[in-house]
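Step one of this worksheet: look at the structure below.
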Amino acid sequence: MATPQPTPSGSDAPIPPAAEAAAPRQAPAGDLYINRELSWLEFNQRVLDEAADASLPLADQLKFLGIVASNLDEFFMVRVAGLKTQLRSEQEEDEAPRRSWDGLDAAEQLRYVSARAHRMVDDQYRLWREVLRPQLERAKVRIVRPADLNAEQAAGAGRWFQERVLPLLTPLAKDRSHPFPRLRNKAIALAVQLPRAAGRRRRGGASTLAVVGIHGALQRLVPTGDGRTFVLVEDLVREHVSELFFTGAKLRTFAFRVTRNWDLEFDEEEGGELLALVSDRVRRRDRGAAVRLEVEADTPRELVAELAGELRLDAPDIYQVEGPLQLQDMPQLPVPEPERRRPRSQGGYVPPELAEGSIFEAIARRDWLLHHPYDAFDPVVRFIESAAEDPQVQVIKQVLYRTGKESAFVRALQRAAERGKEVEAAVFLEIQARLDETVNIDAVNALKDAGASVVYGYDAKKTHCKISLVVRLENGVPRRYVHVGTGNYNTTTARLYTDVSLLTARPELAEEVAQVFNMLTANTTGELAARGITPQWPWKRLAVAPHGLKERVLRRIEEEVAEAAAGRPARVLAKMNSLVDREVIEALYRASQAGVTVELLVRGICCLRPGVPGISERIRVHQVVDGYLEHSRIFIFGEGKRARYYISSADWMPRNFHTRVEVMAPVDDPEARQRLLQIVEAGLADTVKGRVLRAEMRDRSPVYERPAAGAPFRSQELLERSPARDPAPPPAELRPLPGGAG
1 MATPQPTPSG
11 SDAPIPPAAE
21 AAAPRQAPAG
31 DLYINRELSW
41 LEFNQRVLDE
51 AADASLPLAD
61 QLKFLGIVAS
71 NLDEFFMVRV
81 AGLKTQLRSE
91 QEEDEAPRRS
101 WDGLDAAEQL
111 RYVSARAHRM
121 VDDQYRLWRE
131 VLRPQLERAK
141 VRIVRPADLN
151 AEQAAGAGRW
161 FQERVLPLLT
171 PLAKDRSHPF
181 PRLRNKAIAL
191 AVQLPRAAGR
201 RRRGGASTLA
211 VVGIHGALQR
221 LVPTGDGRTF
231 VLVEDLVREH
241 VSELFFTGAK
251 LRTFAFRVTR
261 NWDLEFDEEE
271 GGELLALVSD
281 RVRRRDRGAA
291 VRLEVEADTP
301 RELVAELAGE
311 LRLDAPDIYQ
321 VEGPLQLQDM
331 PQLPVPEPER
341 RRPRSQGGYV
351 PPELAEGSIF
361 EAIARRDWLL
371 HHPYDAFDPV
381 VRFIESAAED
391 PQVQVIKQVL
401 YRTGKESAFV
411 RALQRAAERG
421 KEVEAAVFLE
431 IQARLDETVN
441 IDAVNALKDA
451 GASVVYGYDA
461 KKTHCKISLV
471 VRLENGVPRR
481 YVHVGTGNYN
491 TTTARLYTDV
501 SLLTARPELA
511 EEVAQVFNML
521 TANTTGELAA
531 RGITPQWPWK
541 RLAVAPHGLK
551 ERVLRRIEEE
561 VAEAAAGRPA
571 RVLAKMNSLV
581 DREVIEALYR
591 ASQAGVTVEL
601 LVRGICCLRP
611 GVPGISERIR
621 VHQVVDGYLE
631 HSRIFIFGEG
641 KRARYYISSA
651 DWMPRNFHTR
661 VEVMAPVDDP
671 EARQRLLQIV
681 EAGLADTVKG
691 RVLRAEMRDR
701 SPVYERPAAG
711 APFRSQELLE
721 RSPARDPAPP
731 PAELRPLPGG
741 AG
């Protein structure tokens, strides 16, 4: 008997009248929404919780400790910097304060953020001092002061300083003729207290402060010969700092670190080529305003005040830490092998059909849904590499967002372009990917040198979608093959993040992917709008931002409202990184009030507040933080055979809907749909690494708790058993969702 075919995920029908639900019951803003910045900080706290998990190998604990530090750097460079810019602008222009959804102005948000971040940093360093560093010492891995070295080690460290460190040091005194130096973003520096000349009074004489910046090219952990004992490079400089100032006196030194506003902003009226504008901003980033000062705990109060004054920072911006600055360097320590996580024996599976023979024939026969890193990223790389070498391939088009260094995709596209007339390689490379601009600019230049057509920027919006198109001649007729993914074309992060890939040759889907590329190259949206012409977008299966993706999401939610209003089972299952868009949140509140079951798996920021009586009682929000970073976006609307399944590059955030090019693609293959459902259900059922967002808040911050007691279940361990290798139904230990599994 033929298997009933599910409703195609992309088809659009009018919203039934019953979907016209009332707006959510009115409540104070602070009762309806969670502050974005405080929500993000709680996600970072969950990462810190992983660093404190004694069941993990020490190497993994150090890895999570480093991630917390790196995350905080970016948070201050972008989010805190943005709040400071907003506050300064409002004060200078005498504007009324703009408030967040939960009712806070910029100054109030900065106060809450500072208080929460200070508590987190205190916890971070307490964990280092009391747990992780002692564990390292028990494993015979030590960070010591130069004074603790034996004679042989000290001699070796001295040679290291003279040969490798000293040539890159510049002592900078601060006095009337030498202003406070401009220090690089995130670079460690030493504040040196010079002895004041006898009889010279402070007001009339030179300052006693000098600064020695630690060059970014210097190795942070200086080896001492045994492979397990290290000296921090700033401590090595301290030991020899008197040589820089031509004195035999012992000078007091204190390490500090400055974080600066590092976000890029563009004036659309500025003109010029986008590549040149981005390159210029990258060069100027280290001159951004300071937003945070980290200092050692024993730094004298007057010196801290002097540094803060020079950097124009206030007391809440100062973080005094008892331990080494820049903890993200600690995972570089050589943890003994027994302490390292054993390789995942079943990870990185490659279906034989995608590993051998023609990958295009394999895709022509069926759709392939891959779940990385449990399924290897190799077939996606092979898809582009095969296209570059196949003489029947005429066109390769690909959007690259974060390529990574030494990118296999860039190399393959270079080879394709070098084949001249045989292959046209059109590459859409997003050079505004925050913190990856330099790598992407290098990739642009390499591809241009190879003869590829490189396009960057669409209507002043970031191109964030993850799509590739290959056009191949088969029996003289062009046939399209596409890849649609949720993660970047980056072979490094593909081993660290969970993401989903779809390889397909379905004509209706491949045609619409081709139309997205045509939109990017034509880039006429702005000109049409200036003439009062509304573009007619052709997508029926795909949903594309900024031209209708948000509307498609809202339509799907309202369809579930209509189902519930008619007394039928209705649900929304969604897995994403962040949930920030207010209209979508309000639609989910309407769905909850109408009786729709809403289960959300949100790894990072979540501004929706679940469990509020009369508003969001039927909404549950879960979070999973584990060894792999949860990064896939999966959306399931509806029950049973009418359910619609999607994967997407977009989170539910205003920036993804309005200021980026994003794609949400339907998944029609029954086996692929079953696998998507398994991924989401596994995360929702996780009792080991999962947490549930409570309705209550603490100091305006969200509160997460462990799921109700039950059998231990860890989703990432289950998903190691890849359905691409063993397409059996999901194991029975997955709890059923309310209303059935669909």
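Heads up: the sequence shown runs through residues 1 to 742, numbered per UniProt numbering. A virtual CB, placed ideally from N, CA and C, is assigned to each residue, including glycine. Owing to the predicted nature of the structure, the values given are computational and were not obtained by experimental measurement.
Check the Cα spacing between Ala412 and each of Ala452, Glu560, Pro352: the tightest is with Ala452. In the three-state scheme derived from DSSP, where H, G and I count as helix and E and B as strand, Arg138 is classed as helix.
Ala54 places its beta carbon 8 Å or farther from that of Leu65. Cβ-Cβ separation between Arg620 and Val553: approximately 19 Å, too far for a contact (criterion under 8 Å).
Nearest in C-alpha terms to Arg714, of all of Pro702, Val612, Arg694, Ile679, is Ile679.
The alpha carbon of Arg480 has as its nearest neighbour, out of Asp626, Val395, Val321, Gly156, the alpha carbon of Val395. Using a C-beta cut-off of 8 Å, the region 624-644 makes contact with the region 484-500, since at least three inter-stretch Cβ pairs fall below that distance. For Lys461, the three-state secondary structure derived from DSSP is strand. For the options Ala570, Pro324, Arg655, His622, the alpha carbon positioned closest to that of Thr463 is the one of Arg655.
Along the length of the region 334-397, whole alpha helix (DSSP H) runs at least 4 residues long occupy 352-355, 359-365, 378-389, reported in chain order. Taking a contact as a CB-CB distance under 8 Å, the pair Leu190 and Arg238 counts as one, their CB atoms being some 7 Å apart. Under the three-state reduction of DSSP output, Ser616 falls in the coil class, being neither helix nor strand. Between the beta-carbon of Trp40 and that of Cys607 there is about 10 Å, and that puts the pair past the 8 Å contact cut.
Spanning the alpha carbons of Asp367 and Ala665 requires a straight line of approximately 13 Å. With a cut-off of 8 Å on Cβ pairs, the region 489-498 is in contact with the region 368-383, counting three or more such pairs. Its chain contains His215, Ala217, Leu218 as the residues whose beta carbon lies nearer than 8 Å to that of Leu168, once the 5 sequence neighbours on both sides are disregarded; these appear in chain order.
CA-to-CA, the gap between Asn71 and Gln328 works out to about 10 Å. For Phe75, the number of other beta carbons within 10 angstroms of its own is at least 16, and it is reported as buried. Comparing alpha-carbon positions, the option among Leu542, Met519, Arg541 lying closest to Pro535 turns out to be Met519. Boundaries around Gly156 are those of the alpha helix (DSSP H), 151-160, since no beta strand (DSSP E) includes it. Going by beta carbons, Val350 and Ile318 fall outside the 8 Å limit. Nearest neighbour of Leu502 by Cα position, chosen from Ile605, Tyr645, Val625, Arg419, turns out to be Tyr645. If you draw a straight line from the Cα of Ala147 to the Cα of Gln398, it is about 55 Å long. Uninterrupted beta strand (DSSP E) stretches at least 3 residues long and entirely within the UniProt domain "Polyphosphate kinase C-terminal" (542-697) occur at 543-545, 571-576, 597-602, 619-624, 634-637, 644-648, 660-666, given in chain order. Apart from the 5 residues on each side of it in sequence, Arg260 sits with its Cβ closer than 6 Å to the Cβ of Asn185, Gly288, Ala290 in its chain, given in chain order. Contact between the region 534-548 and the region 568-585 is absent: fewer than three C-beta pairs spanning the two stretches fall below 8 Å. For Arg292, the enclosing beta strand (DSSP E) starts and ends at 290-296.
Comparing alpha carbon positions, the residue from Ala388, Gly690, Gln124 closest to Ile359 is Ala388. In this structure Ile585 is not in contact with Phe43, their Cβ atoms being roughly 17 Å apart against a cut-off of 8 Å. Beyond the five residues adjoining it in sequence on each side, Lys550 comes within less than 8 Å, by CB distance, of Asp581, Glu583, Val584, Phe657, His658 in the same chain, given in chain order. The beta carbon of Ala564 sits closer than 8 Å to those of Ala570, Ala591, Ala594, Gly595, Val596, all from its chain and outside the five residues before and after it, given in chain order.
Excluding its 5 nearest sequence neighbours in each direction, Gly710 has C-beta neighbours in its own chain below 7 Å: Thr687, listed in chain order. In the three-state reduction of the DSSP assignment, Val144 falls in the coil class.
Membership of Arg182 in any beta strand (DSSP E) is not indicated, and neither H nor E is assigned to it by DSSP.
In this structure, Thr253 keeps its C-beta atom at 8 Å or more from the C-beta atom of Gly213. Here the C-alpha atom of Leu232 lies approximately 14 Å from the C-alpha atom of Gln153.
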